[in-house]
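Just so you know, the sequences run in chain order A and B.
Residue numbers for the first sequence follow our numbering, so the first one is 302 and each next one is one higher.
Residue numbers for the second sequence follow our numbering, so the first one is 318 and each next one is one higher.
Ideal placement from N, C-alpha and C gives every residue a C-beta, glycine not left out.
Please read all numbers here as calculations on a predicted model, not as lab measurements.
Have a look at the structure below, then the notes.
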Amino acid sequence: MGPRNYRLANSWREWRLRAVVLPADRYIHGAATSRYQWGDDDDQSPASGGKHLNLTTRERLFGYERALDHPVSVEIVACVIVGLAIAGVLILVLRSRMREQSYRVVFARWRSWCWLVGVIIVPVLAGAAWTMLAVMLLSLLCFREYSRATGLFREKTICAVIVLGILMVTFAALDHWQDDRLFFALGPLTAALIVIVSIPQDRPRGFIQRVALGVLGFALFGFSLGYISNFANIGRLAGSGPDYRPIVLLLIVGVGLNDLFAELVGKLVGRRPLLPSTSPRKTWAGAIGALLLTTLLVTLVGHRLFAGTPIDHPGWLIGLGMLISLLGQLGSLTLSSIKRDVGVKDIGATLPGHGGLLDRFDSLVLVPPAVYHYLSLALGENGPLGADQPYRILTGSGG
Amino acid sequence: MEDWRLEPARDLELVGADRHRSYYRESGLVANIARFGWWTMMRASLKVLHRLKVHGREHLPQYPSFVLVANHASHLDAMVLGSTLPLRLRDQLFPLAAGDVFFHTPALAAFSATVLNALPVWRKKVGAHAIRKLRERLIDEPSIYILFPEGGRTRDGSMKPFKSGIGMMTAGTSIPVVPCHLSGTFEAFPPESFIPRLHRVSIRIGKPRTFEHLENRRPGWDEVSRTLETDVRALAATTAGRNTNTTNKPPTTDPAP
Numbered sequence: 302m303g304p305r306n307y308r309l310a311n312s313w314r315e316w317r318l319r320a321v322v323l324p325a326d327r328y329i330h331g332a333a334t335s336r337y338q339w340g341d342d343d344d345q346s347p348a349s350g351g352k353h354l355n356l357t358t359r360e361r362l363f364g365y366e367r368a369l370d371h372p373v374s375v376e377i378v379a380c381v382i383v384g385l386a387i388a389g390v391l392i393l394v395l396r397s398r399m400r401e402q403s404y405r406v407v408f409a410r411w412r413s414w415c416w417l418v419g420v421i422i423v424p425v426l427a428g429a430a431w432t433m434l435a436v437m438l439l440s441l442l443c444f445r446e447y448s449r450a451t452g453l454f455r456e457k458t459i460c461a462v463i464v465l466g467i468l469m470v471t472f473a474a475l476d477h478w479q480d481d482r483l484f485f486a487l488g489p490l491t492a493a494l495i496v497i498v499s500i501p502q503d504r505p506r507g508f509i510q511r512v513a514l515g516v517l518g519f520a521l522f523g524f525s526l527g528y529i530s531n532f533a534n535i536g537r538l539a540g541s542g543p544d545y546r547p548i549v550l551l552l553i554v555g556v557g558l559n560d561l562f563a564e565l566v567g568k569l570v571g572r573r574p575l576l577p578s579t580s581p582r583k584t585w586a587g588a589i590g591a592l593l594l595t596t597l598l599v600t601l602v603g604h605r606l607f608a609g610t611p612i613d614h615p616g617w618l619i620g621l622g623m624l625i626s627l628l629g630q631l632g633s634l635t636l637s638s639i640k641r642d643v644g645v646k647d648i649g650a651t652l653p654g655h656g657g658l659l660d661r662f663d664s665l666v667l668v669p670p671a672v673y674h675y676l677s678l679a680l681g682e683n684g685p686l687g688a689d690q691p692y693r694i695l696t697g698s699g700g
Numbered sequence: 318m319e320d321w322r323l324e325p326a327r328d329l330e331l332v333g334a335d336r337h338r339s340y341y342r343e344s345g346l347v348a349n350i351a352r353f354g355w356w357t358m359m360r361a362s363l364k365v366l367h368r369l370k371v372h373g374r375e376h377l378p379q380y381p382s383f384v385l386v387a388n389h390a391s392h393l394d395a396m397v398l399g400s401t402l403p404l405r406l407r408d409q410l411f412p413l414a415a416g417d418v419f420f421h422t423p424a425l426a427a428f429s430a431t432v433l434n435a436l437p438v439w440r441k442k443v444g445a446h447a448i449r450k451l452r453e454r455l456i457d458e459p460s461i462y463i464l465f466p467e468g469g470r471t472r473d474g475s476m477k478p479f480k481s482g483i484g485m486m487t488a489g490t491s492i493p494v495v496p497c498h499l500s501g502t503f504e505a506f507p508p509e510s511f512i513p514r515l516h517r518v519s520i521r522i523g524k525p526r527t528f529e530h531l532e533n534r535r536p537g538w539d540e541v542s543r544t545l546e547t548d549v550r551a552l553a554a555t556t557a558g559r560n561t562n563t564t565n566k567p568p569t570t571d572p573a574p
């Protein structure tokens, strides 16, 4: 039987066929020999012309059936779940050795991790639209914590502009405006709008502070985090590579593990503090250890992930690993600096055992734009990321 | 925010119901928009459904802080008082609401804090400590309180004596207290009914008073509540007199004592 095409599920039977039978078949018989294959690009069935999204786009946005198409996605998800399970078992085993108080803290922290992993992995696997929605929520919540910690939340007009900017960033990513021009334009345009709305208030004292806080907040939590949405516009990297899922997962898990490596290595062999005034617990050993381990990990996973694309070259892969590790650590230090400047220990109290959401996602704030442009550069004529997918999905001809 | 000083939200470490019940709560954009919608709706519905008439609007102070006190007959009362103020003051307007009713469950607390911007008064254990916090907030930052010194809604339509909590908040300060009298709210939304009825509502706003000359002690507190009670009763008498005059009937009761 030849490759099967997608149709909109119009009956329970068809839904079951698509969601259960075909993916199972693919895993039993292997992707190459399965009756069902992924990536039937440009399949323009008569039912989906006109105003409706074409099949490629619909599949990318809502195609949860393809969640685990790429083996690296499966491996990353499996590793994360196994890691969490092992951590949970360890906590239970070591409970007798711990004080009740510290057990409670560790357990609350572990439980928060489980929730976090769920709310990160499920939208990323479920489809690009859900990924973008999740990124939008993350941006809004992170900005909320930032503005409450810095006092910017009292400036309602500036906050409204930044919220608008975050919504526009999501729209630009979802629409996939030609060459992502709208997305990139939103950086300077939102910054300018923040300045503009601050002028008619006629309060020159504190003007620089208000505007600067607003621009920094948008740059870090609206624009920078918004790049993750843009990653979700990858259908198949360079035409034959992976979809966006394993790339986004590698990005997030890589940054998370980078934190973990830094902490572990720092605890084991760390002595000299890295930046004692900014973050007393970070050490040189931790930073270098994390750099080496993360680069190694990203290079190994990246070699499998990017096979067949121009990125699969030791130079590019090692560079990618170093980029993720260095910017991850710098992002964490950025938030440490903000916290020190404001004089708070945790930036919020949203997650039990962690503090605020930003205390967890701090390392992610600088990574996505750099990696996006780095990969686009590496792709050469196949770039930028997402060039394989139709542009102007909502504002154009419908994909 | 002071110039060049970063000042985090005072309730930064609090989450959920703890934050909503806190006196140090500070709200952001979402609550601001929710209150805009709520007060716009309230103004429109009071005007259309209850034909709200406001007498003496010129007595309202221009800027916070000040306190509005009135007789209490229904849940509409705070809405009527809030509707007399400009919409831009919505974030500085804090109705003091019974904690055991408006902050009982987390969901209710979220609504009361976000939309109504209410501050809880725990009637069973209303300690001097809580009132001192409310007094400090009034002095330290621009706020407007809506307070019903009777301590609860009337069940029979007649006014109960004022309690001295209002005195504990304002005696010895220069904060203006505006006595108001609401009429028609008891008929429009009696305590035993679940939805308001179509009934005309009017409010008479009196001259603001300050109690700088009084001591922040028991005799001063009692003096404040006595003065305000007299004011509100006088406003009630004026309203009653006007109503009987307009309908050309002789007054059936003696003027207020």
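Check the DSSP bridge columns for residue i and list the partner residues they point to.
{"i": "A:C443", "result": "Note: A:C443 sits in no beta bridge, so no partner."}
{"i": "A:S580", "result": "A:L576"}
{"i": "B:F411", "result": "B:Y462"}
{"i": "B:R526", "result": "B:V494"}
{"i": "B:A445", "result": "According to DSSP, which records beta bridges pairwise, B:A445 is partnered with nothing at all."}
{"i": "B:L385", "result": "B:I463 and B:V495"}
{"i": "B:H372", "result": "B:R521"}
{"i": "B:V438", "result": "B:A415"}
Does any CB atom of chain B fall closer than 8 Å to the CB of residue i?
{"i": "A:S448", "result": "yes"}
{"i": "A:F363", "result": "no"}
{"i": "A:G350", "result": "In this prediction, A:G350 has a pLDDT of 39, which is less than 50 and means its spatial position is unreliable; nothing more can be read from the coordinates."}
{"i": "A:L568", "result": "In the sequence as displayed, the identity of residue 568 of chain A is Lys instead of Leu. Answer no: the Cβ-Cβ gap between A:K568 and chain B never drops below 8 Å."}
{"i": "A:F522", "result": "no"}
{"i": "A:K457", "result": "yes"}
{"i": "A:V645", "result": "yes"}
{"i": "A:C460", "result": "yes"}
{"i": "A:L634", "result": "no"}
{"i": "A:A493", "result": "no"}
{"i": "A:D480", "result": "no"}
{"i": "A:F454", "result": "yes"}
{"i": "A:G303", "result": "With a pLDDT of only 42 at A:G303, under 50, the local geometry of the prediction cannot be trusted, and the value read off the model is given with reservation. Not closer than 8 Å to any Cβ of chain B, the Cβ of A:G303 fails to qualify, so no."}
Tell me which residue opens and which closes the alpha helix (DSSP H) that residue i is part of.
{"i": "A:I422", "result": "E401 to A427"}
{"i": "B:K480", "result": "It is not in any alpha helix (DSSP H) - B:K480 carries neither H nor E in the DSSP assignment."}
{"i": "A:L552", "result": "Y545 to V570"}
{"i": "B:L425", "result": "P423 to F428"}
{"i": "A:H604", "result": "W585 to L606"}
{"i": "A:P669", "result": "V668 to L680"}
{"i": "B:H367", "result": "L346 to H367"}
{"i": "A:G654", "result": "No alpha helix (DSSP H) holds A:G654; DSSP gives it neither H nor E."}
{"i": "A:W617", "result": "P615 to V643"}
{"i": "A:I387", "result": "P372 to V394"}
{"i": "A:R508", "result": "The question names Arg, but residue 508 of chain A in the sequence shown is Phe. Counting along the chain, the alpha helix (DSSP H) containing A:F508 begins and ends at F508 to G518."}
{"i": "A:C489", "result": "Strictly speaking, residue 489 of chain A in this sequence is Pro, with Cys absent from that position. Run containing A:P489: R482 to S499, per the alpha helix (DSSP H) assignment."}
{"i": "B:I512", "result": "B:I512 -> no alpha helix (DSSP H), and no H or E assigned at all."}
So is residue i in contact with chain A if we call contact Cβ pairs under 8 Å?
{"i": "B:L369", "result": "no"}
{"i": "B:V332", "result": "yes"}
{"i": "B:A326", "result": "yes"}
{"i": "B:G354", "result": "no"}
{"i": "B:G345", "result": "yes"}
{"i": "B:L329", "result": "yes"}
Kindly examine the ligand NAP and report whether one of its heavy atoms sits closer than 7 Å to the Cβ of residue i.
{"i": "B:V397", "result": "As presented, the structure is devoid of all ligands, the ligand NAP included, so that no description of it is given."}
Could you tell me if residue i is buried or exposed, where buried requires 16 or more neighbouring beta carbons within 10 angstroms of its beta carbon?
{"i": "A:Q345", "result": "Low local confidence applies: a pLDDT of 41 at A:Q345 is under 50, so the model's placement there is unreliable, with the coordinate-based value given in what follows. With fewer than 16 other Cβ atoms within 10 Å, it is exposed."}
{"i": "B:R322", "result": "exposed"}
{"i": "A:L393", "result": "exposed"}
{"i": "A:W416", "result": "exposed"}
{"i": "A:E446", "result": "buried"}
{"i": "B:F511", "result": "exposed"}
{"i": "A:Y545", "result": "buried"}
- Item | Contact between the region 508–521 of chain B and the region 535–545 of chain B (3+ Cβ pairs under 8 Å) | no
- Task: Could you tell me whether the region 593–613 of chain A touches the region 537–546 of chain A, where touching means 3 or more Cβ pairs closer than 8 Å?
- Result: yes
- Report yes or no: do the region 424–431 of chain A and the region 357–366 of chain A share at least 3 C-beta pairs separated by less than 8 Å? Segments in contact, yes.
- Message: Is it the case that the region 663–681 of chain A contacts the region 543–559 of chain A, given that we only count it when at least three CB pairs across the two stretches are under 8 Å?
- Response: Cβ pair count under 8 Å is three or more, so yes.
- Message: For the region 538–556 of chain B against the region 481–499 of chain B, do three or more pairs of beta-carbon atoms, one drawn from each stretch, fall closer than 8 Å, so that the two count as touching?
- Response: The region 538–556 of chain B, when compared against the region 481–499 of chain B, does touch it at the 8 Å Cβ threshold.
- Message: Does the region 386–402 of chain A come into contact with the region 490–500 of chain A, if we say contact requires no fewer than three beta-carbon pairs (one atom in each stretch) closer than 8 Å?
- Response: no
- Between the region 322–338 of chain B and the region 415–432 of chain B, do at least 3 Cβ pairs fall closer than 8 Å? yes
- Message: I want to know whether the region 380–391 of chain B touches the region 341–353 of chain B - three or more CB-CB distances under 8 Å.
- Response: no
- Query: Would the region 359–379 of chain B and the region 470–479 of chain A be scored as touching if the rule is three or more Cβ pairs under 8 Å?
  - Reply: no
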